[in-house]
Every structure is written in C-alpha cells, then in structure tokens.
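Q: Quick note: the sequence shown uses the UniProt record's numbering, first residue 1, plus one each step.
Note that CB positions come from ideal geometry on N, CA and C, so glycine has one too.
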Amino acid sequence: MLLIILSLVSLVAIRSDITRRRISNNTVISTGVITAAIALTGPQQQLQLLLPTIIIAVGVALMWLNILGAGDTKLLAAYGLGINPQLFPGVLMVITLIGGAVAVAMLIADRGAVRQRGIPYGPAIAVGGCLGVVLSNL
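See the structure below:
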C-alpha cells in the first residue's frame with residue numbers, strides 16, 4: 001500500500017516539474033515520510049541517513065553552479081532515505097539515462113523552450129527514486 005502511495009506522490013512531483021518546473025516542499029516532505037515508512041517497515045527495517053546527507057551536500061554545490069534545482073536535490077534526498085547505498089550508483093545511472101532521454105525528446109520537440117525553461121529532472125528522479133526504494137525493500 002505504501003508503495004502505491006509513493007507512486008502517486010511521485011506522479012504529483014513529475015507533473016509539477018513538467019508543468020511548472022517546481023517541486024513543492026509538501027510533495028518532497030510527503031515523499032520523505034512515505035519513503036521512511038517503507039524503509040522502516042521493510043525487510044531491513046533500516047532508514048538511510050548518510051546517503052541523503054551526501055545528496056544534499058552535493059546538491060547544494062550543483063545548485064550554486066546552476067546545474068540542479070533545489071527541488072530536485074530535496075526530492076532525491078527524500079528517496080535516498082529508503083535506498084540501499086549499494087544500489088545508489090545504479091539508481092543514479094537510471095536517473096541519468098531517463099533524464100538524458102527527456103532532454104533529447106525536449107530538444108527535438110522545442111529547442112527554444114529548453115533554452116528558456118531548462119529540462120525537468122523531477123520525472124527522472126521520481127522514476128529512479130521509486131525504483132531504488134522498491135529494489136531496496138524486496
């Protein structure tokens with residue numbers, strides 16, 4: 001049931017990032033609470049705290065360089081609460097591949113919009129993050 005709720009909240013994040021290029025704090029908090037509940041009730045019953053801390057630290061640096069948005073960083077950290085650190089490199093690879101596919105599709109569809117508004121990375125983070133949480137709790 002929690003995985004279904006996480007999926008629905010992830011869809012909210014995806015829609016918001018695509019339409020407004022913004023992921024609300026309420027969506028991020030909901031994602032974090034649900035992910036933490038999944039992690040604490042899963043087979044390992046373990047909440048990851050180091051991984052989200054590292055994500056926030058790296059994310060702040062990437063925000064200063066205008067590479068990644070604050071909402072993207074917070075969303076990835078929220079998913080990180082429930083992702084096994086050993087699986088995280090694979091999760092990042094999935095996020096990168098999905099994000100690259102979104103970027104190519106957007107460039108083909110409307111190059112001007114990409115220059116103006118940037119590329120939404122929330123969809124890639126939401127899909128990769130959900131996948132990471134699911135695989136970490138099998």
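Does the Cβ of Ala-61 have 16 or more other Cβ atoms within 10 Å, making it buried, or fewer, making it exposed?
A: With fewer than 16 other Cβ atoms within 10 Å, it is exposed.
Q: Mind reading off the beta-carbon distance from Arg-21 to Arg-117? Whole number of angstroms is fine, and I expect it under 8 Å.
A: Contact flag correct, Cβ pair sits at about 6 Å.
Q: Using alpha carbons as the reference points, say which of Val-58, Ile-55, Ala-37 lies closest to Ile-5.
A: Ala-37
Q: Determine the direct distance from the alpha carbon of Val-33 to that of Ile-98, and round the result to whole angstroms.
A: Cα to Cα, the separation comes out at about 25 Å.
Q: Return the chain-ordered list of same chain residues with a C-beta closer than 6 Å to the C-beta of Lys-74, the five sequence neighbours on each side being excluded.
A: Val-28
Q: Counting only runs that start and end within the region 86 to 128, where is the alpha helix (DSSP H) found for 4 or more residues in a row?
A: 88 to 109, 111 to 117
Q: Taking its Cβ as the centre, do 16 or more other Cβ atoms sit within 10 Å of Leu-81, making it buried, or is it exposed?
A: buried
Q: Nearest to Ala-126 by alpha carbon, out of Leu-3, Leu-2, Ala-13?
A: Ala-13
Q: How would you call Ala-57, buried or exposed, if buried means at least 16 neighbouring beta carbons within 10 angstroms?
A: exposed
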